[in-house]
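Residue numbers (my numbering), protein chains in the order written: chain A, 119 to 228; chain B, 500 to 614.
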Amino acid sequence: QKEVEQDPGPLSVPEGAIVSLNCTYSNSAFQYFMWYRQYSRKGPELLMYTYSSGNKEDGRFTAQVDKSSKYISLFIRDSQPSDSATYLCAMMGGNEKLTFGTGTRLTIIP
Amino acid sequence: GAVVSQHPSWVICKSGTSVKIECRSLDFQATTMFWYRQFPKQSLMLMATSNEGSKATYEQGVEKDKFLINHASLTLSTLTVTSAHPEDSSFYICSASGHYGDTQYFGPGTRLTVL
């Protein structure tokens, strides 16, 4: 079993829809949770970072962490074509190393 | 804030030559930097962890004599691919650890093509 599981997609939704991206994990040592966005042929860009259970909102993005269920989510409201990218969940314990999900490729259809 | 740059963004070289890739944290100091490689449609694979002023720690299966890492200052780490071969062609990405060591900021990546 992988430490982090992420639905690889691909996922296609119409512009303006709400997008839900999800990851589950098995390692209880993970303390920090991140979502990165990666455009083709570019490095990952940090979108959201959180370390506690609950919701964190930043503009159209909401990150949700449920440590009891070992489940994290990223919601994108009012999705735009520019949101089309691969989204990576990532987690970190105490050793500064990131463990990534496999990434979900998202396409927003105009 | 938290900007990481890489140079070059794209390099083509002949088989057998060496290539150096630079990774810089532009607006913060990074005691720890990381080097990843990524193949098409795959996730990032950690190659090594680089700490300023000390030897890099390589992941299992990564040849330390082939992928030389130097972290000479708090804002610069370099990766040198020695005697490059076509199978080394890949997308190389560096990252720098945040101030509290609880996240990583990534560079834009370097695409290496070995002919």
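Note that CB positions come from ideal geometry on N, CA and C, so glycine has one too.
On a Cα-Cα basis, can you pick out the residue from the options that is closest to residue i?
{"i": "Lys185 of chain A", "options": "A:Pro126, A:Lys120, A:Thr142 and A:Leu129", "result": "A:Thr142"}
{"i": "Ser589 of chain B", "options": "B:Asp526, B:Ala555 and B:Gln541", "result": "B:Gln541"}
{"i": "Phe179 of chain A", "options": "A:Lys120, A:Leu192 and A:Tyr167", "result": "A:Leu192"}
{"i": "Leu543 of chain B", "options": "A:Gln156, A:Met166, A:Ala203 and A:Leu165", "result": "A:Gln156"}
Since residue i contacts residue j with CB under 8 angstroms, what's their CB separation in whole angstroms?
{"i": "Ile190 of chain A", "j": "Gln182 of chain A", "result": "7 angstroms"}
{"i": "Arg536 of chain B", "j": "Tyr591 of chain B", "result": "5 angstroms"}
{"i": "Ser146 of chain A", "j": "Thr225 of chain A", "result": "Actually they are not in contact, since the Cβ atoms of Ser146 of chain A and Thr225 of chain A sit about 34 angstroms apart, beyond 8 angstroms."}
{"i": "Gln124 of chain A", "j": "Gly219 of chain A", "result": "3 angstroms"}
{"i": "Val503 of chain B", "j": "Phe605 of chain B", "result": "6 angstroms"}
{"i": "Tyr150 of chain A", "j": "Tyr169 of chain A", "result": "5 angstroms"}
Residue i CB to nearest chain A CB: under 9 angstroms?
{"i": "Gln528 of chain B", "result": "no"}
{"i": "Arg536 of chain B", "result": "no"}
{"i": "Asp601 of chain B", "result": "yes"}
{"i": "Phe605 of chain B", "result": "yes"}
{"i": "Leu503 of chain B", "result": "A quick correction: the sequence has Val, not Leu, at residue 503 of chain B. So, interface residue."}
{"i": "Thr548 of chain B", "result": "yes"}
How far does the beta strand (DSSP E) with residue i in it extend, from its first residue to its last?
{"i": "Asn569 of chain B", "result": "Phe566 to Ser572"}
{"i": "Gln505 of chain B", "result": "Val503 to His506"}
{"i": "Gln156 of chain A", "result": "Tyr150 to Gln156"}
{"i": "Tyr599 of chain B", "result": "No beta strand (DSSP E) holds Tyr599 of chain B; DSSP gives it neither H nor E."}
{"i": "Gly515 of chain B", "result": "Gly515 of chain B -> no beta strand (DSSP E), and no H or E assigned at all."}
{"i": "Lys174 of chain A", "result": "Gly172 to Asp176"}
{"i": "Tyr143 of chain A", "result": "Val137 to Tyr143"}
{"i": "Gln537 of chain B", "result": "Thr531 to Gln537"}
Examine chain B for any beta-carbon lying closer than 9 angstroms to the beta-carbon of residue i, and answer yes or no.
{"i": "Gln198 of chain A", "result": "no"}
Can you pull out the residues from the stretch 153-165 of chain A whose beta carbon lies closer than 9 angstroms to at least one beta carbon of chain B? From the stretch 153-165 of chain A, only Tyr154, Gln156, Arg159, Lys160, Gly161, Pro162, Glu163 and Leu164 have a Cβ closer than 9 angstroms to chain B.
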